[in-house]
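S.K.: So the protein lines, in turn, are chains A and B. The opening position of the first sequence corresponds to residue 0 in numbering that gives the first Met the number 0, with each subsequent residue numbered one higher. The opening position of the second sequence corresponds to residue 0 in numbering that gives the first Met the number 0, with each subsequent residue numbered one higher. Positions of the beta carbon are idealized from the N, C-alpha and C atoms, including for glycine. Small disclaimer: the values here were computed from a predicted structure and weren't measured. First, the structure itself, so that you have it in front of you.
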Amino acid sequence: MDFGLSQDQEMLCDAISRTLADTCPLDHVRECAEGSVPFSDNVRSALGEIGIWGMMVPEQHDGLGMTMLDAAVVAEQLGYAVAPVPFIGAHVLAPLALAQGGSEELKAHWLPRIAKGEAQIAVAIAETVEIRDRAGVDFDGAKLDGTALFALDFLEADAFLVADTAGRMHFVAGDAAGLEKVALKTIDRTRSVGELRFSGVAGEALADDGGATVRRLRDAGRVLLAADSLGAGQAMIEKAVDYAGQREQFGRVIGSFQAVKHMCAEMAARHEPCRSLVWYAAHAFDATPDEASLVACHAKSHTGEVHRFVARTSTEVHGGMGFTDLLGLHFWFKRIGFDRQVLGGPEAVRAEAAALQGWTQVA
Amino acid sequence: MDLDYGPQYDVFREEVRQFLQTHGHRAPDGQGRAARPSPEAVEWQKLLILHGYTARTIPKEYGGYGAEPDILKSRIIAEEFSRAGIPAGLANQGISMLVPTLLELGTEAQKRQWIEPTLNGEIVWCQGYSEPGAGSDLAALKTSARVENGDFVINGQKIWTSTAKQADMIFCLVRTEPDAPKHGGISYLIFSMDTPGIEVRPLKTMTGHAEFNETFFTDLRVPLDQIVGQRGQGWYVANATLGHERGMLGDPDALENRLQALVRLMQKERIGQGCAMDNAVLRDRLVALQAEVAAMKFNGMRILSNSLRGDAGGMAKLVVKLQSCELAHQISALAIDAMGEMGILYHGSEREREDGAWQWNYMFQLGLIIGGGTAQIQKNIIAERGLEMPREPKFATPPAAEQATAVASGQNKGAA
Numbered sequence: 000m001d002f003g004l005s006q007d008q009e010m011l012c013d014a015i016s017r018t019l020a021d022t023c024p025l026d027h028v029r030e031c032a033e034g035s036v037p038f039s040d041n042v043r044s045a046l047g048e049i050g051i052w053g054m055m056v057p058e059q060h061d062g063l064g065m066t067m068l069d070a071a072v073v074a075e076q077l078g079y080a081v082a083p084v085p086f087i088g089a090h091v092l093a094p095l096a097l098a099q100g101g102s103e104e105l106k107a108h109w110l111p112r113i114a115k116g117e118a119q120i121a122v123a124i125a126e127t128v129e130i131r132d133r134a135g136v137d138f139d140g141a142k143l144d145g146t147a148l149f150a151l152d153f154l155e156a157d158a159f160l161v162a163d164t165a166g167r168m169h170f171v172a173g174d175a176a177g178l179e180k181v182a183l184k185t186i187d188r189t190r191s192v193g194e195l196r197f198s199g200v201a202g203e204a205l206a207d208d209g210g211a212t213v214r215r216l217r218d219a220g221r222v223l224l225a226a227d228s229l230g231a232g233q234a235m236i237e238k239a240v241d242y243a244g245q246r247e248q249f250g251r252v253i254g255s256f257q258a259v260k261h262m263c264a265e266m267a268a269r270h271e272p273c274r275s276l277v278w279y280a281a282h283a284f285d286a287t288p289d290e291a292s293l294v295a296c297h298a299k300s301h302t303g304e305v306h307r308f309v310a311r312t313s314t315e316v317h318g319g320m321g322f323t324d325l326l327g328l329h330f331w332f333k334r335i336g337f338d339r340q341v342l343g344g345p346e347a348v349r350a351e352a353a354a355l356q357g358w359t360q361v362a
Numbered sequence: 000m001d002l003d004y005g006p007q008y009d010v011f012r013e014e015v016r017q018f019l020q021t022h023g024h025r026a027p028d029g030q031g032r033a034a035r036p037s038p039e040a041v042e043w044q045k046l047l048i049l050h051g052y053t054a055r056t057i058p059k060e061y062g063g064y065g066a067e068p069d070i071l072k073s074r075i076i077a078e079e080f081s082r083a084g085i086p087a088g089l090a091n092q093g094i095s096m097l098v099p100t101l102l103e104l105g106t107e108a109q110k111r112q113w114i115e116p117t118l119n120g121e122i123v124w125c126q127g128y129s130e131p132g133a134g135s136d137l138a139a140l141k142t143s144a145r146v147e148n149g150d151f152v153i154n155g156q157k158i159w160t161s162t163a164k165q166a167d168m169i170f171c172l173v174r175t176e177p178d179a180p181k182h183g184g185i186s187y188l189i190f191s192m193d194t195p196g197i198e199v200r201p202l203k204t205m206t207g208h209a210e211f212n213e214t215f216f217t218d219l220r221v222p223l224d225q226i227v228g229q230r231g232q233g234w235y236v237a238n239a240t241l242g243h244e245r246g247m248l249g250d251p252d253a254l255e256n257r258l259q260a261l262v263r264l265m266q267k268e269r270i271g272q273g274c275a276m277d278n279a280v281l282r283d284r285l286v287a288l289q290a291e292v293a294a295m296k297f298n299g300m301r302i303l304s305n306s307l308r309g310d311a312g313g314m315a316k317l318v319v320k321l322q323s324c325e326l327a328h329q330i331s332a333l334a335i336d337a338m339g340e341m342g343i344l345y346h347g348s349e350r351e352r353e354d355g356a357w358q359w360n361y362m363f364q365l366g367l368i369i370g371g372g373t374a375q376i377q378k379n380i381i382a383e384r385g386l387e388m389p390r391e392p393k394f395a396t397p398p399a400a401e402q403a404t405a406v407a408s409g410q411n412k413g414a415a
């Protein structure tokens, strides 16, 4: 019995944390976020040396074939450092989708390139959670028509994996005829999402498995958004505690006032159990697939709620400085905001969790 | 991450299941486990001790089972009893707080005299810690014990003494050294509740029931040897047990059971042609609570795993009392909301649901948020010990203002 990270996972965590501390200081994040494409070449190549980009690629395709808990450890550290690199879409969901439903040719061509960090495939499954602005992509057996919103790791993508309205995944080359790509600007400038408009686009359909692949992608994406949020939340709590221990008003450090102390305690008290929830949800993804969707929903919705509280409370502890651009605290605030909404806000995700348990009357 | 307990534990789990199948019918019903255990409950308790399913690590010579500590076996016992819906060993204040204290700090004679009958449920204890003027600032307690002709002579008042009516004995904090600094003037005494000079008055709470008492001491005489630890060391003696109480209040299985009860209520409670579960807002709140219960359950597994490694538990453990008590309260709050207007029924009314248990829980759990170290004291502990934030500065204050400052800073752990 061992509920927690293995020694290897602790080492992975340390390696990433050290690499990000060296290569991804706030000034660099700011520089990337203010550019036209947020992704940092420096951070990408440094993390590539640890083998991050192929961690979810199967070993027979030159990857490391690691677990979702390993990926969660990475996502948490990326969130902690607000790292401007593609990960959840391009390096987890894309290899998962290809490995599960891709043709041998697709796998042989793309998976080794993903593992080396030479290829980036963006993944668009937002409409399988909720349809907004009448988006959705129809597949008539040959061509794709319609719109997919919020493709993850969008800018500079070489290709796309997109879900159709029946829940089947399709591979689409970046330069496919009839494909229009529109970047969407979000609060979080350390990430990249975009819109795909299809007019009679020829793609390659992945295996028709009745939506099973899409469900796995949704679960994985939710667990990793929760893990990212966990890391960003941890950073915001540490920053609040540090600031409160230095800032003086009325002749004493503000951290000695109970009003401030209790804000920090409330953040920690709500945040700490999230860690176990995220770990368990990541573990369940591989170990107990039957409950994986439900615990992924719990992890996503609960961290969404807790870290919204952490984000605003940490900002308040920083007082006026927290509100400025100068301090840069807002990068974490916005990262948490992104993690909360993407692949379903808490209400949408909880509705899904209720349905999974048969608590919703089927209309 | 490895959630298997391993093969030797599977064997142990099977043994526990066998025991429950064979002997489960002898377990007392809920009433038998009231403050004063019934004769059947005492027999059941003795049977559990004999098999090592309670008092497991207490040495045999003091009436326990005498096993080496094994956290996983204890966990398996709790899981299997909970799953079978069969009452596990008694968990009253004597067993969870006095017995560990005596084991650690009692004399050999005290251990031999008190531990075994306490474990068996034959001697019931109550706790005399809090006073009207000493709650969160427990060390400000004023109940005095002066020495006179070979006895302590005790005068004062305790409050929140649950089970004082049924108790045979009390473990009690009193001030024996009035001139010493406040933490250094306290002693930990144990004495009979039949001692002349004790008056117990029921303390009716907002629930309408008297779950607690006020206990008054007037010129009560207690022999000098009925002290645990040294004179003036009572604060440290008592602190050895406060951790046990905090652990007792945060039981993740209890939260899961409450949540399951809420799910059943929402499926059963009719609204028009449907049920409460059909209401999207109520359902959303239910799933939010379910996620939180899951987080606390996995947090408990993490604490368990940490303690197997010999880690103290850290932040994961510090947050349990605050989070669990609040969550339990929120579960009851949703139950009342799911009942709508039916939610106000109480006092044995017509149409009352489940004997008013949800309303009682809702109110009583607010008491648990306040008791055993208030939520505010818990936050101080989380901030100061967990996050290493600065303590409240000490001001040079005149004696009259000193108490007010101490209450505001809440640096001391409180006990109800």
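Interface residues of chain B around glutamine 360 of chain A at Cβ under 8 Å?
M.R.: Gly273 and Asp277
S.K.: Compile a chain-ordered list of the residues in the region 304-320 of chain B whose CB is closer than 7 Å to at least one CB of chain A.
M.R.: Ser304, Leu307, Met314, Ala315 and Val318
S.K.: List, in chain order, every chain B residue whose beta-carbon is nearer than 7 Å to that of glutamate 75 of chain A.
M.R.: Simply none; closest approach about 15 Å.
S.K.: How far does the alpha helix (DSSP H) with alanine 219 of chain A in it reach, from first residue to last?
M.R.: 211-245
S.K.: Tell me where the beta strand (DSSP E) around tyrosine 187 of chain B begins and ends.
M.R.: 185-191
S.K.: Grab me the residues of glycine 100 of chain A's own chain with a C-beta within less than 7 Å of its C-beta, minus the 5 sequence neighbours each way, in chain order.
M.R.: Met168, Leu205, Ala206, Asp208 and Thr212
S.K.: What's the call for threonine 175 of chain B, buried or exposed, on a 16-neighbour Cβ count within 10 Å?
M.R.: With a threshold of 16 other beta carbon atoms within 10 Å, threonine 175 of chain B meets it and is buried.
S.K.: Quick check: is the beta carbon of glutamine 259 of chain B nearer than 8 Å to any beta carbon in chain A?
M.R.: Glutamine 259 of chain B has a beta carbon lying at 8 Å or more from every beta carbon in chain A.
S.K.: Go to alanine 162 of chain A, then tell me how far its alpha helix (DSSP H) extends in each direction, as first and last residue.
M.R.: Not the alpha helix (DSSP H): alanine 162 of chain A falls in the beta strand (DSSP E), residues 158-162.
S.K.: CB valine 152 of chain B to CB alanine 163 of chain B, shorter than 8 Å?
M.R.: no
S.K.: For alanine 179 of chain B, name the three-state secondary structure that DSSP assigns.
M.R.: coil
S.K.: Just checking: is the beta-carbon of histidine 317 of chain A within a distance shorter than 8 Å of some beta-carbon in chain B?
M.R.: No, histidine 317 of chain A does not count as interfacial toward chain B.
S.K.: Against glycine 5 of chain B, what residues of chain A qualify as contacts under a CB-to-CB distance less than 9 Å, listed in chain order?
M.R.: By Cβ distance, chain A contributes Met0.
S.K.: Give, in chain order, every unbroken run of the alpha helix (DSSP H) that is at least 4 residues long and sits entirely within the region 246-314 of chain B.
M.R.: 251-267 and 279-307
S.K.: Check the C-beta distance from valine 10 of chain B over to isoleucine 57 of chain B and give it rounded, since I have them as a contact under 8 Å.
M.R.: Actually they are not in contact, since the Cβ atoms of valine 10 of chain B and isoleucine 57 of chain B sit about 23 Å apart, beyond 8 Å.
S.K.: Does cysteine 273 of chain A have its Cβ less than 8 Å from a Cβ in chain B?
M.R.: yes
S.K.: What three-state label does DSSP hand glutamate 103 of chain A in the structure shown?
M.R.: Three-state DSSP puts glutamate 103 of chain A in a helix.
S.K.: Looking at the C-beta of leucine 89 of chain B, does it have a partner C-beta in chain A at a distance below 8 Å?
M.R.: Interface with chain A (8 Å Cβ-Cβ cutoff): leucine 89 of chain B is excluded.
S.K.: On the DSSP letters alone, give me the boundaries of the beta strand (DSSP E) that alanine 150 of chain A sits inside.
M.R.: 142-151
S.K.: Can you name the residues of chain A whose CB is closer than 7 Å to the CB of glutamine 322 of chain B?
M.R.: Ordered by position in chain A, the residues that pass the 7 Å Cβ test against glutamine 322 of chain B are Ala268 and Pro272.
S.K.: Within a Cβ cutoff of 8 Å, which residues of the same chain sit near arginine 334 of chain A, ignoring the five residues on either side of it in sequence?
M.R.: Gly78, Val81, Asp187, Thr189, Arg190, Asp227, Ser228 and Ala231
S.K.: Taking buried to mean at least 16 other C-beta atoms within 10 Å of its own C-beta, is glutamate 265 of chain A buried or exposed?
M.R.: buried
S.K.: Within 8 Å of any Cβ in chain A, is that where the Cβ of valine 354 of chain B sits?
M.R.: The question names valine, yet the displayed sequence has aspartate at residue 354 of chain B. So, not an interface residue.
S.K.: Check each residue of the region 71-87 of chain B: if its Cβ is closer than 7 Å to any Cβ of chain A, include it; give the result in chain order.
M.R.: Leu71
S.K.: Rounded to whole angstroms, what is the Cα-Cα separation between tryptophan 52 of chain A and alanine 114 of chain A?
M.R.: 5 Å
S.K.: Quick check: is the beta carbon of alanine 353 of chain A nearer than 8 Å to any beta carbon in chain B?
M.R.: True, the Cβ-Cβ gap to chain B drops below 8 Å.
S.K.: Using the DSSP secondary-structure output, state which residues sit across from histidine 169 of chain A in a beta bridge.
M.R.: A:Val161 and A:Ala204
S.K.: Looking at the unbroken beta strand (DSSP E) that takes in lysine 445 of chain A, where does it start and where does it end?
M.R.: Nothing can be reported for residue 445 of chain A: it is not among the residues displayed for chain A, which extend from 0 to 362.
S.K.: What did DSSP end up calling alanine 121 of chain A once you bin it into helix, strand or coil?
M.R.: strand
S.K.: In whole angstroms, what is the alpha-carbon distance linking valine 199 of chain B and alanine 26 of chain B?
M.R.: 31 Å
S.K.: By Cβ distance below 7 Å, which residues in the same chain neighbour valine 236 of chain B in space, the five residues on each side in sequence not counted?
M.R.: Excluding five sequence positions before and after valine 236 of chain B, the CB atoms of its chain that fall closer than 7 Å to its own CB belong to Thr100, Leu104, Tyr187, Val227 and Gly228, given in chain order.
S.K.: Alpha carbon to alpha carbon, how far is glutamate 104 of chain A from serine 198 of chain A? Give it in angstroms, no decimals.
M.R.: 25 Å
S.K.: For isoleucine 368 of chain B, is the classification buried or exposed, using 16 other Cβ atoms within 10 angstroms of its Cβ as the cut-off for buried?
M.R.: Residue environment for isoleucine 368 of chain B: buried (at least 16 other C-beta atoms within 10 angstroms of its C-beta).
S.K.: Can you list the residues of chain A that proline 392 of chain B reaches, using a CB-CB cut of under 7 Å?
M.R.: Arg251 and Ser255
S.K.: If the cut is a Cβ gap below 8 Å, which residues of chain A does alanine 287 of chain B touch?
M.R.: Ser300, His301, Glu304, Pro345 and Arg349
S.K.: Can a CB atom of chain A be found closer than 8 Å to the CB of glutamate 291 of chain B?
M.R.: yes
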